[in-house]
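Here is the structure we will look at, set down as structure tokens.
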Ligand code: NAP
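Residue numbers (our numbering): 89 to 367.
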């Protein structure tokens, strides 16, 4: 039997990189994609350290031609595609009064339309293989969080899209799952590119609440972030378990946090909890 083939997006760092190494170690033919293959240094070094081989290719989730070329190239070269891991994504901190609708659109472009685009390209091949469609969402795909309106909207969109697709895809033999990490120590916070002092100074009427939010969230990252390797264990579970659930959290903390919302019919427990972060 040839080894199954998985394509992972956003593998230059973090959860995508760790998932690529874990999948290759588990015997998958692993296509690790990046929007800029010039940034594959850390990925190549990790593969060398682990003694695994990766098939490294270009894929920018916001560029339809790049997505099609990558997916069709994989099927042409490997003959099949057994799983897609939609991992690429980017955080964003802001609030609507202080940013443009285009800023919001940009966040949706990467985190939601990128997922839709890559899923559309992969689905015919996943149907052919009876494969798996896994998307790295977030606890922010279940609970809206202060100053994360655009990011959580995008992750909620991902969850609604995948929850809707899951039963339909299952009828055609494709298993759909979302993976929900809490704080993970990756390049995620750095890649947001926000200097907390500058953001607070520019926040106007939101100065005090933004300061309290950033203190809360940066404390959470400093005190209790998982490693990307720990988060990747859950992605591998979605990839390899005989019957993976639709929704998998990467830690007990993430399970308890999302559980607040999933058992909160009128929303008061959730909004009460996140409101308490703002002082
Ligand atoms: P990360 O280290 O910043 O990795 C994000 C990856 O996505 C990078 O490889 C980045 O590539 C890639 N990417 C961004 N835009 C892309 C595009 N247009 N096309 C292709 N790739 C693109 O952060 P991470 O924590 O590993 O994030 C992975 C996933 O986990 C994301 O979906 C994120 O929303 C989710 N998540 C993270 C956390 C956390 O606390 N870290 C929590 C919940 C959910 P470049 O290097 O080229 O920018």
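Quick reminder that beta carbons are idealized off the backbone N, C-alpha and C, glycines included.
None of these values were measured; they are calculated from a predicted model.
With distances taken Cα to Cα, identify the nearest neighbour of residue 334 among 294, 275 and 221.
With distances taken between Cα atoms, residue 334 lies closest to 221.
Practice task
Return yes when the Cβ of residue 157 is within less than 8 Å of the Cβ of residue 121, no when it is not.
Solution key: No, the pair does not count as a contact, with Cβ atoms beyond the cut-off.
#### Entry: Exposure label - residue 322; buried when at least 16 CB within 10 Å
Residue 322 is buried by the Cβ-count criterion.
Query raised in the report: In the DSSP assignment, what are the bridge partners of residue 204?
Result: Residue pairing by DSSP leaves residue 204 without any beta bridge partner.
| query | Would residue 268 pass as a contact of residue 336 if the rule is Cβ separation under 8 Å? | reply | In contact: residue 268 and residue 336 (Cβ atoms closer than 8 Å).
Self-check item: Inter-stretch contact (C-beta, 8 Å, three-pair minimum) for the segment 187 to 207 and the segment 285 to 296
Solution: No: fewer than three Cβ pairs fall under 8 Å.
Query raised in the report: Is the beta carbon of residue 266 sitting closer than 8 Å to the one on residue 206?
Result: Contact: no.
Original post:
Near residue 115, what residues of its chain come up, given a Cβ to Cβ distance below 6 Å and the 5 sequence neighbours on each side ignored?
Top reply: Same-chain partners within the cutoff: 91.
Checklist line | Coil, strand or helix - residue 223 by DSSP | finding: The three-state reading of DSSP puts residue 223 in strand, counting E and B together.
N- and C-terminal bounds of the beta strand (DSSP E) containing residue 265:
For residue 265, the enclosing beta strand (DSSP E) starts and ends at 263 to 268.
### Task
Taking all protein chains shown into account, decide if residue 296 is buried (16 or more other Cβ within 10 angstroms of its Cβ) or exposed.
A residue is called buried when at least 16 other Cβ atoms come within 10 angstroms of its Cβ; residue 296 does not meet this threshold and is exposed.
Q | DSSP beta-bridge partners of residue 272 | A | 314.
Please classify residue 104: does DSSP put it in a helix, a strand, or coil? Residue 104: helix per DSSP, three-state reduction.
> So, do the segment 336 to 346 and the segment 291 to 306 have three or more beta carbon pairs nearer to each other than 8 Å?
Replying inline: They do not touch, by the three-pair rule.
- Query: Can you tell me whether residue 148 is buried or exposed, with buried defined as 16 or more other CB within 10 angstroms of its CB?
  - Reply: So residue 148 ends up on the buried side.
- Query: If you draw a straight line from the alpha carbon of residue 276 to that of residue 103, how long is it in whole angstroms?
  - Reply: Taking the straight line from one Cα to the other gives about 10 Å.
**Request:** Please go through the segment 312 to 357 and give each complete alpha helix (DSSP H) segment of 4 or more residues, from N-terminal end onward.
**Result:** Listed in chain order, they are 316 to 328 and 340 to 350.
*asked:* Once DSSP output is grouped into helix, strand and coil, what is the label at residue 134?
replied: In this structure, residue 134 counts as helix in the three-state DSSP scheme.
Subject >> First through last residue of the alpha helix (DSSP H) which encompasses residue 233 >> reply: For residue 233, there is no enclosing alpha helix (DSSP H), as DSSP gives it neither H nor E.
- Task: Compute the minimum distance between the beta carbon of residue 371 and the heavy atoms of ligand 1, and state whether it is under 7 Å.
- Result: Residue numbering for the chain in the displayed model covers 89 to 367; residue 371 lies beyond these limits and cannot be assessed.
Review point. For the segment 167 to 197, which segments carrying the alpha helix (DSSP H) assignment without a break, of at least 4 residues, lie completely within its bounds, in sequence order?
Key: Runs of the alpha helix (DSSP H) lying entirely within the segment 167 to 197, each at least 4 residues long, are 189 to 196 in chain order.
Item to check | Endpoints, the beta strand (DSSP E) within which residue 122 is located | outcome: That run of the beta strand (DSSP E) goes 117 to 122.
Q | Counted within 10 angstroms of its Cβ, other Cβ atoms place residue 247 as buried (16 or more) or exposed | A | Classification of residue 247: buried, given that the 10 Å Cβ count is 16 or more.
Check your understanding: Can you check whether the CB of residue 107 is closer than 8 Å to the CB of residue 143?
Key -> In this structure, residue 107 does not lie closer than 8 Å to residue 143 by Cβ.
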